[in-house]
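Every position in the sequence shown, counted from 1, becomes a number in this note's numbering once 8 is added.
Everything below concerns the one structure shown next.
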Amino acid sequence: DGRAYWRSVTVLLPDTWPSNCIARPVVGASGEKADILIGVPHPVFGNAPWTQQSQGCGQPGDKIHLSYRQLQNIGRSLVQQWAKYRYGVFDEVGYQSDSVYPLCYRGDRGQNQVTGCSDLPIQDMGMCENPGSWYNFSELVHPDASSSIMFTAEAPQLNRFCDASTHNRYAPTKHNLICNRRSMSDVIIQHTDFVNSVEDSSVVTNTTPVFHYKKRLLTRYVLVIEGTQDMHIRESWTFLRLAIRKWAGHDLPANTEVGLVLSNDTTGHRLLPLSPLSTHVRSQVSGNIPFTPGDSHNAACLHCGIRQALDMLHERYLMRGPASSVIVVIAPGMDHSIEIDPLLSLAVDEGVRIATINYPAILRPLPLDRLAHATGGPYYTVQEQRYNIATSYVSTYFKLANVMFSIATQFYQGSLAGMPLEIHRRELSDDGRSSVTGSFVLDESLGEPAQFTVFTHNIENPLIRGISLVSPSQVVYSAQSDSLVAVRLLTLSANINETGSWTYTIERFTGNPQPHFVQVMATPRSSTAPVVRAHAWTSQGVSPLVLYTEVKRGDYPVLGAKVEVTAIHPSSNGSSLHKEKFELLDTGSGDPDVTKGDGVYTRYFNVGHGGPGVYTFEVTVTDNGNTAYSWQETLSLPSSDSGVRCCGSVVPTPAVQPLAPFQRVLPPISITLSHDDISSQPIVGRIGDLRVEILAADLKARLTWTAPDMGGLPVARYELRYARTITDIIDRFEISMSWEYGTPFPLAPGSETSFTLDFTRNPSLLDIPLFYSIRGFTDSSENSVGGPISNWVRVLVPSPPPPPPPPSTPPTSTYDLSSYSNEGDDDDTIVPRIAKDSDFGLELILPIVGGVALLTICIAVYCYLCVLRRRHGNSDKKAESKGKHSSNRKQQVTSQNTAVTIVPSSPISANNGNSSLSLSPSQTQEPNGLPQFDQCLGEEKKRFSVAQLQQEEQMLQQQQQQQQQQQQHATPHIVPNPNASGISTISNGTSTLVRGRTLSPYQSWTASQLLHEHERRHSPYGGVGEELIGNGGNQTQLPPPVPPLPSFNPQHNGIYTSGPIYGVHPGTFVNGGYHRNGSLVPFNPSLQGSLSSVSSGDRKKRNVTMV
């Protein structure tokens, strides 16, 4: 609408450029802060303009970057970037490969839509189907559209921002998420540029800016110090004089002018006019400060001293030209004064910044921070630390000196290589150790002038025996220097210029109540050297408080660093009431961290139990145990026409390199919080990076996000809801459907959190597009107030596909199914009719019929083969039986109640038998009737030959005697068969006829008898059992030994005793077996339950024996 334009533009030239390179005159800079930086192309953004935004909606950006290669025809792009930087708005466009801010999204109706904002529909042109290709966004805009510039600035027809009537508040844009779906115009119009604007844009005719060219040449400081008795608390005034002496004598560069004003309760006195810092002036700055302040306890007239300072700066400007003008006010707070407001307006008009230091405490109704806020200067608070009634801790002096050095660095006019950088700091307290060792790393970008110093309370008696410093090449420096004794600093005469790890050792006296502070300073080797630097600040006018810290190595972000903050809330007496430590995060969750990977670490701060008062934040940045890294220095830059837009939720990381160990301790930040600031804490902690991954095979969806920072507190519980439309999940979240199948587990802020949606718990939600959103709670109670809702995600889990049909096979039947007619329909066959009536397809019936027919054929073939095998086996058995037995092998039993028992036969004959049984031996015998052993059997088969022949004969005689005794007392009659040497039958006079037939041995013998007969027949010694075979003479043949049965003891009622069964049992050979008469030999496990040691020919036989 023409309501804002650039009236003037100041160009700050590098200090190395000569003044005649510009046709126009070049004057000294007045301390202007650069809004736009012009440099080399960026490794990620290339030649495209881009703005670094680390704060929230409506907050100014950090800086705008332009490439020197593309400075022409960038007016429209510059307007877009200026809106981001000045008014705190964000892009209304999606980004490639960004899951949070995609190029396209699916709306309520499932159609693809381009992420953006315009008063007329945005064309697709195939971008949603092929998002990996490059598209010209200006061609997507309707030719008659007029908004929005934040979608694409290249389209010439666009000249407006989206307002409430044209804003698409449901699109997944970065502006919608961070600005709570407010329109672009609504955010911009709330800026102070338009709220208090009274100029009529219709009368503005000339909007061409005026260009001014300046160089940073000089800085002018005027110190305004309160000189009342409130400045003198123990050693506070002495420490102030020491800090100013160090600051003016050693810290300030040569291109500096310094003046001094002392304010009392009535007026302000000029102690030192503005003068260049020569050697003489450096000593006069602290020398003009009185040794003791005034005796008045009334508040000083600060506006009197500020007026004197403004007059001094104005007079110097008229005499020597412009310069960066700074007023440093040091006082214990200030009173309410109406005279101060006109002076602040005058300071703003003349470009004067006011830096404030609340010291030694805040003893007035108001802190000095208001002066700094109004003029854009820094503000600090240094509390005096008490040791006893008369002495202060040296930490008071150490903190004040570092604050003064920070002011000198911030307002230095010149190259960054002109000021030293603190690379190491350590506090040494009395912990009982007399020797302390430490180290620091000097990287290749740093060098001389470098200094190793130790702050001490008493320079005359520092209570230090000695100091030694060892270089990386093992050069030892131990000679002390007195160059800084006047400011109570111990130092060494060392050349600290060698890259690598340096080690120091300090010998201290134990029992010293005062600490020592070790500090190492180094200087960048050049203005372009990639040095790790850090800068911290806080949000202004935003509640709750947000802490920011930027860590970069040159122009590239440092990732993976550890940014630790120590929050201290001191009381009036200097003791700490509230102290906590926490880390800042670079997660890109959107609240409060805007973009991941930009090197800006953020975190909310919760007052908690601290209460109102002054909060001091000490920030320390380290390499996090050698895990920090940054981009490589030599990166291939993208081409100028790459067209890649960046960046949405994360900055892409190109090739990286690890960083050497580093430590950066930043100046303390002091904030004064009132009761109203604490009570008006809003609920924050939006989840801004909710993402979804569809697991279609498992019928699940996985949600991932970063655990939110709930205003400095961890999340206590989550609430997950879903709806059918985007409108419902955004505008009616409270009444949307809640996910009832589990809740996410809360983790610490910044932790990667995931939760799986299991749709098998509710299959009715399959194939339905749903929109999910989540929010966190700081309290686990049900009635607690929840935080803002997250960005939405679309979830569509498809149903599992039906199983694929089986492959069709031709019918195996040879019958013509078509010959069977159907009464209802003569044209249908039987199989189609079955398929029709049973609701089965023909492709399913035919394979079933074919499978049944094939199974029937297989069963028939198997039965036929079994019949053939059985017939063949019976014929073989008959042939074998004919060769083994004689014709008179039948056994006749006349008694009806005979029970037949088979035992090994003996040569003893009996004539009173009622039945006879004859079996032919399976062994071939010589004419003498003696069995012949097979000579081909190997030694491995004689597993039971463990007794000598003489011993076997003795055992055989004992066996015969026992058998004769048993036969005398036995009732059964033995019926021997003279032709049978294999078995004999024992009859007890009872009948053996069952249903008119004789029982076979397999029907009447016990299992033990069958097993014994099996051993006798299949003996490896020719098939002879335990009987003796005689041929009418005195010659006898000993039978082979029989394997021992389980240990049987007749004295224990016939119970088998425990012990190894198949081990070797020494004893006497009785009745064809061994009688156990001694201890058993060790059990042989190879003979029980295993056939690994048995040859293949005997496995079957021996297995039966073992069983």
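Using N, Cα and C, we set each Cβ at its ideal position, and we do this for glycine too.
For residue i: DSSP bridge partner residues
i, result
"K708", "L703 and D766"
"W510", "F448"
"W800", "Note: W800 sits in no beta bridge, so no partner."
"Y1119", "Residue 1119 is absent from the model: the chain starts at 9 and stops at 1115."
Within 8 angstroms, strictly: CB atoms of residue i and residue j
i, j, result
"H311", "E347", "yes"
"A569", "V627", "no"
"T18", "E40", "yes"
"M529", "P428", "yes"
"N55", "Q78", "yes"
"V462", "S509", "no"
"P330", "A363", "no"
"A339", "L376", "yes"
"A709", "V608", "no"
"L285", "L321", "no"
"R729", "I737", "yes"
"I241", "A369", "yes"
Residue burial classification, residue i (beta-carbon count within 10 angstroms, cutoff 16)
i, result
"W142", "exposed"
"R253", "buried"
"W14", "exposed"
"I776", "exposed"
"R862", "Contrary to the premise, residue 862 reads as Leu rather than Arg in this sequence. Exposed, since its Cβ has fewer than 16 Cβ neighbours within 10 Å."
"I734", "buried"
"C125", "buried"
"S798", "buried"
"H175", "buried"
"N184", "buried"
"S577", "With the sequence shown as reference, residue 577 is identified as His, and Ser is not the correct amino acid for it. Buried."
"H344", "exposed"
"N28", "exposed"
"N366", "buried"
"R611", "buried"
"F785", "buried"
CB contact below 8 angstroms: residue i versus chain D
i, result
"S597", "The structure shown has no chain D; it contains just one protein chain."
Reduced DSSP secondary structure (H/G/I, E/B, other) of residue i
i, result
"T735", "helix"
"N184", "helix"
"N410", "helix"
"G633", "coil"
"R117", "coil"
"L681", "strand"
"I853", "helix"
"C2", "Only positions 9 to 1115 of the chain appear in the structure, and residue 2 is not among them; the question remains open."
"A382", "helix"
"F53", "coil"
"T642", "coil"
"H1022", "helix"
"R228", "strand"
"V493", "helix"
"L773", "helix"
"F785", "strand"
CA-to-CA distance, residue j to residue i, given in whole angstroms
i, j, result
"G64", "Y485", "50 angstroms"
"S489", "E558", "36 angstroms"
"T511", "Q482", "9 angstroms"
"I157", "R189", "17 angstroms"
"H1020", "V860", "50 angstroms"
"C655", "R11", "29 angstroms"
"S353", "L379", "11 angstroms"
"T531", "E137", "54 angstroms"
"T751", "M133", "41 angstroms"
"R769", "Y178", "30 angstroms"
"V356", "R694", "37 angstroms"
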